[in-house]
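Q:
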Amino acid sequence: MAEPTLTWAGVAPATPEIYLVMALCAVLLVEAFAGEKRRGLADTLTLVVLLVGALVSAVYGHVSERTTLFHGLYVADELGYVLKLAGFLIVAVTLVYSRAYLEQRDILRGEYGVLCLTALLGIFVLVSANNLITVYIGVELLALSVYALIAFDRESGVAAEAAMKYFVLSAIASGALLYGMSIIYGMTGSLDLDVIAARVGAGHASLGVIFGLVFIVVAVAFKLGAVPFHMWLPDVYHGAPTSVTLFISTVPQLAYFSLTFRLLAHGLAGVTAEWTQMLAPLAVLTLIVGNFVAIAQSNLKRMLAYSTIANVGFILLGFIAGTPAGYSAALYYTLVYVLVALGSFGVILLASRRGFEADSLDDYKGLYARDPLLAIVMLALMFSTAGVPPFIGFWAKLRIIQELWVTHHNALVIIAAAASVVGAFYYLRIVKLMYFDAPVTNAPKPAGHFGARVALGLNAAAVLGLGLVPGPLLDLCARILH
Amino acid sequence: MLVEVLFYVFATILIAAALAVIISKNPVHAALFLVLSFVTSAAIWLLIEAEFLAIVLVLVYVGAVMVLFLFVVMMLDIKVEEHRRGFTRYAWLGWITAVAVIVEIVGVVTARRFGVDITRGAAPWPASYSNTQALGSVLYTHYAYPFELAAVVLLVAIVAAIALTTRTRRGLKRQDINRQVNVQSTDRVRLVKSMDAKSP
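Chains A and B, in that order, are what the protein sequence lines are. Every letter in the first sequence is one number past the one before it in the working numbering, and letter 415, counting from 1, is 719. Every letter in the second sequence is one number past the one before it in the working numbering, and letter 109, counting from 1, is 110.
1. Do Val153/B and Val325/A have their CB atoms nearer than 8 Å?
2. Thr371/A lies in the beta strand (DSSP E); which residues open and close that run?
3. If the cut is a Cβ gap below 7 Å, which residues of chain A does Ala158/B touch?
4. So that I know if they touch, is there some Cβ in chain A lying closer than 8 Å to that of Leu20/B?
5. Measuring CA to CA, which of Tyr739/A, Val418/A, Ile394/A and Thr319/A is closest to Thr638/A?
6. Go ahead and pull the three-state DSSP assignment for Arg189/B.
7. Mind listing the chain A neighbours of Pro147/B? Cutoff is C-beta to C-beta under 7 Å, in chain order.
8. Apart from the five residues just before and just after Ala662/A, which ones in its own chain have a Cβ nearer than 7 Å to its Cβ?
9. Please report how far the alpha carbon of Leu568/A lies from the alpha carbon of Arg503/A, in whole angstroms.
10. Run down chain B in chain order and give the residues with a C-beta less than 8 Å from the C-beta of Arg413/A.
11. Would you mind working out which of Ala44/B, Leu35/B and Phe39/B sits nearest Tyr9/B, comparing C-alpha positions?
12. Per DSSP, which residues does Ser664/A bridge with? Please list them.
13. Check whether the Cβ of Ala306/A lies closer than 8 Å to any Cβ atom in chain B.
14. What is the residue span of the alpha helix (DSSP H) that Ala32/B lies within?
15. Could one say the Cβ of Ala43/B lies closer than 8 Å to chain A's Cβ atoms, at least one of them?
16. Step through the CB atoms of chain A and report whether any lies within less than 8 Å of the CB of Leu7/B.
17. Note the first and the last residue of the continuous alpha helix (DSSP H) segment covering Ala316/A.
18. Determine contact between the region 590-603 of chain A and the region 481-497 of chain A, defined as no fewer than three beta-carbon pairs at a distance below 8 Å.
19. Identify the continuous beta strand (DSSP E) that holds Tyr378/A and give its terminal residues.
20. For the structure I just gave you, are there three or more beta carbon pairs, one from the region 559-568 of chain A and one from the region 600-608 of chain A, closer than 8 Å?
21. Opposite Arg657/A in the DSSP bridges: which residues?
22. Give the residues of chain A in contact with Leu150/B, contact being defined as C-beta atoms less than 7 Å apart.
23. Can you name the residues of chain B whose CB is closer than 7 Å to the CB of Val325/A?
24. Which residues in the same chain as Arg703/A place their Cβ atom closer than 6 Å to its Cβ, once the five residues preceding and following it in sequence are excluded?
25. Could you list which residues in chain A have their beta carbon closer than 7 Å to that of Ala135/B, in chain order?
26. Between Tyr730/A and the rest of its own chain, which residues show a CB-CB distance below 6 Å, the 5 nearest in sequence each way excluded?
27. Against Val331/A, what residues of chain B qualify as contacts under a CB-to-CB distance less than 8 Å, listed in chain order?
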């Protein structure tokens with residue numbers, strides 16, 4: 305190992321990670337010395353860090369072709385570039401939405417921003433992982449930060465319960481992931497995903513590899529929240545402070561898309577037929593359970609949690625197509641889902657007050673009369689998730705169904721379409737509550753911070769605008785996964 | 002020859018210490034026997050030329066983990082007899098585990114008979130070979146990236162532990178040195194006319 309391994313040219317594509325580590329240490333120091341006196345300073349600084357990070361990685365993080373760094377442990381490619389930029393921006397938006405909410409609950413402390421940044425680092429590590437060790441460290445870095453974020457409001461017993469549930473169940477999933485990885489390592493003799501792909505791709509996958517694959521599929525399904533590994537999801541989404549729910553329902557999805565893509569579609573591409581076969585029943589169950597159980601919910605956070613589960617079913621369907629076009633449809637769906645989830649939980653955050661969580665469906669009755677902006681934004685978002693044409697969600701669903709049709713998964717096409725129809729019911733019910741029902745008398749009048757409302761308006765505009773002009777984003781997704 | 006003798010000596014001590022861990026009634030004694038078994042395992046690791054791991058085992062497990070463990074055991078004042086009650090109900094589970102482990106050990110020892118020789122040791126390294134250097138060069142060059150990330154994971158653990166447990170309670174009485182120094186006698190003592198002063 306005579307070659308110098310850590311030259312600047314050799315690590316330049318890893319700029320986002322290096323920058324993020326330095327920046328989070330800086331935020332931590334600022335919080336330690338000035339946090340007591342100036343509440344919210346570290347939060348503002350985190351926001352600046354994220355925006356500068358987006359700029360820095362846009363300029364320095366781009367690579368023209370797939371390159372591996374750090375002895376093959378890290379891969380830099382277009383997918384990573386796009387997902388990291390998206391990660392920076394989405395976390396920034398979540399912080400803008402959460403600010404007022406955190407202030408109202410007296411949990412606006414610098415550690416919140418720091419933990420968001422470390423979670424983002426875990427996401428970046430996962431997005432660029434090219435080795436089973438890197439994958440595992442990324443998963444754990446993200447999960448550990450998220451456990452702490454969920455329990456961040458120490459006064460809330462529900463949040464502590466949610467954190468505990470997530471911690472215990474996630475530990476089991478990590479165990480399954482490690483077990484699968486060790487079996488794959490034993491069978492292929494390498495931790496490097498490129499080498500694993502070459503050895504498994506030889507066409508004679510042994511029973512051992514498939515045995516290991518089962519555990520990896522279980523772990524991936526757990527992380528995504530696919531039925532029957534979804535039990536943690538509604539409780540965690542419901543129990544966590546809404547700002548944290550906003551965080552965990554959006555950015556980590558990018559990482560879990562990448563986890564699925566890098567592990568299954570890249571590393572274990574040789575056994576694509578096997579894992580699509582395993583994912584198919586999971587996806588069908590996920591669509592059915594997610595959509596039907598969501599109807600019965602009276603709490604908006606829980607309903608959106610089941611809606612997340614239903615959306616995960618669609619993302620899995622994209623993978624089941626088993627072609628690069630299918631993966632790009634799944635990527636497009638993931639990005640669209642994240643954009644819509646960002647707005648939906650943002651509305652809940654802005655409708656909440658000190659000592660009042662606007663998370664019951666009744667709280668949204670007659671919202672249009674009280675706060676037209678929030679109602680219009682929510683209308684756009686709900687129409688989008690329901691898949692109503694001018695909005696972006698329509699294209700996402702269409703692309704998935706199109707790819708399934710091309711690859712002759714006709715039964716899945718029918719189930720996906722039927723599930724969308726069921727889903728439309730509870731999304732449109734929200735619209736009905738907001739526009740046609742009389743307001744519940746004692747609901748407080750929403751009045752949020754100006755910046756967050758502008759961001760929310762832009763978010764809804766993006767949902768409509770990208771739906772009217774779907775070309776650029778669709779092309780981007782197709783190009784980076786050719 | 003000497004190495005074999007040493008191995009059997011250490012192995013005997015290790016097995017005896019491990020047995021003592023589960024047999025001894027006093028939890029403090031059990032913890033001390035666990036220390037003994039760690040130290041003897043470290044000695045056995047030295048025999049197979051894993052010097053660095055042996056030292057780390059002594060430093061980390063004996064030096065840090067077990068000391069903490071002893072603290073906890075001593076502080077908690079565990080009532081052993083209470084925990085013993087109903088213990089024999091699970092004896093059958095213990096027996097099944099014991100039999101399974103014995104079968105596995107026999108399987109490993111007799112593996113040679115099935116053509117798999119896993120008991121043959123590797124050829125010894127030359128005297129100049131440094132176990133520590135070999136580990137270090139892999140860890141800090143090839144795996145530098147996950148190594149640094151592991152450091153961030155530890156940082157997250159620290160931040161999370163502090164964020165979740167430190168409490169700054171409201172109304173907590175604290176010293177403010179500035180105010181203490183600048184205090185005036187009039188702030189502390191208020192002279193009032195006595196009620197009795199009027200009466201005579």
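For each residue, glycine too, the CB sits at the ideal point set by N, CA and C.
A: On the basis of the data shown:
1. Yes.
2. Unbroken beta strand (DSSP E) run through Thr371/A: Thr371 to Leu373.
3. Simply Leu448.
4. No, its Cβ sits nowhere closer than 8 Å to a Cβ of chain A.
5. Considering only alpha carbons, the answer is Ile394/A.
6. In the displayed model, Arg189/B falls within a helix according to three-state DSSP.
7. Within chain A, the residues near Pro147/B are Leu377, Ile437, Thr438 and Ile441.
8. When the five nearest sequence neighbours on each side are left out, the beta carbons in the same chain lying within less than 7 Å of the beta carbon of Ala662/A are those of Ile652, Ala655 and Ser656, in order along the chain.
9. If I take the Cα positions, the gap works out to 14 Å.
10. Listed along the chain, the chain B residues whose CB falls inside 8 Å of the CB of Arg413/A are Ala164.
11. Looking at Ala44/B, Leu35/B and Phe39/B, the one whose alpha-carbon comes closest to that of Tyr9/B is Ala44/B.
12. Asn603/A.
13. Because the pLDDT at Ala306/A is just 42, under 50, the model does not fix this residue reliably, and the value given afterwards should be weighed accordingly. Contact of Ala306/A with chain B is not assigned, every C-beta pair being separated by 8 Å or more.
14. Note, Ala32/B: alpha helix (DSSP H), Pro28 to Leu48.
15. Interface flag for Ala43/B against chain A is unset, since no Cβ pair is found closer than 8 Å.
16. Closer than 8 Å: no.
17. In this chain, Ala316/A is not harboured by any alpha helix (DSSP H), its DSSP state being neither H nor E.
18. With a cut-off of 8 Å, the region 481-497 of chain A and the region 590-603 of chain A do not count as touching, because too few Cβ pairs lie within range.
19. For Tyr378/A, the enclosing beta strand (DSSP E) covers residues Tyr378 to Ala380.
20. With a cut-off of 8 Å, the region 600-608 of chain A and the region 559-568 of chain A do not count as touching, because too few Cβ pairs lie within range.
21. DSSP, once it has assigned bridges, lists Phe660/A as partnering Arg657/A.
22. Under the 7 Å cutoff, chain A gives Val429, Ile441 and Leu445.
23. Ordered by position in chain B, the residues that pass the 7 Å Cβ test against Val325/A are Val153.
24. Closer than 6 Å at Cβ, skipping near neighbours: Ala633 and Tyr636.
25. Within chain A, no residue comes near Ala135/B; the closest Cβ sits about 11 Å away, beyond 7 Å.
26. Contacts found: Ala598 and Ile599.
27. Residues of chain B with a Cβ closer than 8 Å to the Cβ of Val331/A do not exist; the shortest Cβ-Cβ separation is about 10 Å.
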